[in-house]
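Engineer: Okay, here's the structure, questions in a sec.
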Amino acid sequence: MIANIKKFFNDLSINSQSESKDNLSIEMASTVLLCEVMRADGKLDEQELKQLPIFISHHFQLSQDEISLLINEAIAMSEHATDFYQFTSKINTAFSISEKIEMVKHLWLLALADGEVSAVEEHTIRRIADLLYLRQSEYIQAKDIIIQR
């Protein structure tokens, strides 16, 4: 009996996880990755929070209310995420190489919004770029463009 109950809840959990990955929008996947960089150094800086809606409104046709809701949900999702793969895989299917490079540029812009890039933020961006299948040269180029601004 207990084994059947455990199996039921385990199956329910697996089904809900696969459904949530399938229903993940490109807007949410992108915003969660941005939130991951924001949260990487352990603090949500006000300047970083100001940059986030700018990226979202630049790339996606959403109202201000939709952007606010998206950010709130993405922060919550970021806090509970165990890896980046579910988000980067969505981006890999939807974005071209140039769009992925733009994404990495925005990750750098967000990390620099507070005036400094911590080692953990840089590491997070590097991991995301790797999962987006960007070459080392593409990653460095994106970084250099933003750092030299």
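Under UniProt numbering, residue 149 is the last one in the sequence shown; the count climbs by one each step, no gaps.
Ideal placement from N, C-alpha and C gives every residue a C-beta, glycine not left out.
Going by other Cβ atoms of all chains shown within 10 Å of its Cβ, with 16 needed for buried, is S68 buried or exposed?
Structural biologist: Position 68 of the sequence shown holds residue 68. By the neighbour-count rule (16 or more Cβ atoms within 10 Å), S68 is not buried but exposed.
Engineer: Tell me the start and end of each unbroken alpha helix (DSSP H) in the UniProt domain "Co-chaperone DjlA N-terminal" (28-143) that is at least 4 residues and wholly inside, in chain order.
Structural biologist: For the UniProt domain "Co-chaperone DjlA N-terminal" (28-143), whole alpha helix (DSSP H) runs of length 4 or above, ordered along the chain, are 46-59, 64-80, 85-94, 97-112 and 119-131.
Engineer: Skipping 5 residues on each side, what residues in its chain have a beta carbon closer than 6 Å to that of I146?
Structural biologist: Your numbering for residue 146 matches position 146 in the sequence shown. Cβ neighbours of I146 beyond the five flanking positions: K105, W108 and L109.
Engineer: Assuming L131 and Y85 form a contact by the criterion Cβ under 8 Å, report the distance between their Cβ atoms to the nearest whole angstrom.
Structural biologist: Position 131 of the sequence shown, counting from 1, holds the residue named residue 131. Position 85 of the sequence shown, counting from 1, holds the residue named residue 85. Sure, about 6 Å apart at Cβ, within 8 Å.
Engineer: Closest to residue 187 by C-alpha separation, out of V37, E27, I26 and S137, would be which residue?
Structural biologist: Any property of residue 187 remains undetermined from this structure, which presents the chain solely from 1 to 149.
Engineer: Report yes if the CB atom of L52 is closer than 8 Å to the CB atom of I26, and no otherwise.
Structural biologist: By one-based count along the sequence shown, residue 52 stands at place 52. By one-based count along the sequence shown, residue 26 stands at place 26. Going by C-beta atoms, L52 is not nearer than 8 Å to I26.
Engineer: Under 8 Å Cβ to Cβ from K50, same chain only, skipping five residues before and after it: list those, please.
Structural biologist: Numbered from its first residue, the sequence shown carries residue 50 at position 50. Excluding positions up to five away in sequence, the list reads A113.
Engineer: Based on Cα-Cα distance, which residue from E66, N23 and R39 lies nearest to A119?
Structural biologist: Here residue 119 corresponds to residue number 119 of the sequence shown, with the count starting at 1. Nearest C-alpha to A119: R39.
Engineer: Run the CB neighbour count on I140, radius 10 Å, all protein chains shown included, and call it buried at 16 or more, exposed below.
Structural biologist: Looking up residue 140 in the sequence shown gives position 140. Exposed is the call here.
Engineer: Figure out for me which residue from R149, A76, F55 and E66 has the closest Cα to the Cα of G115.
Structural biologist: For this step, residue 115 is matched to residue 115 along the sequence shown. Checking every option, the nearest Cα to that of G115 belongs to R149.
Engineer: For E46, is the classification buried or exposed, using 16 other Cβ atoms within 10 angstroms of its Cβ as the cut-off for buried?
Structural biologist: Your numbering for residue 46 matches position 46 in the sequence shown. Classification for E46: exposed.
Engineer: Taking buried to mean at least 16 other C-beta atoms within 10 Å of its own C-beta, is K43 buried or exposed?
Structural biologist: Translated into the one-based positions of the sequence shown, residue 43 becomes position 43. Under this definition K43 is an exposed residue.
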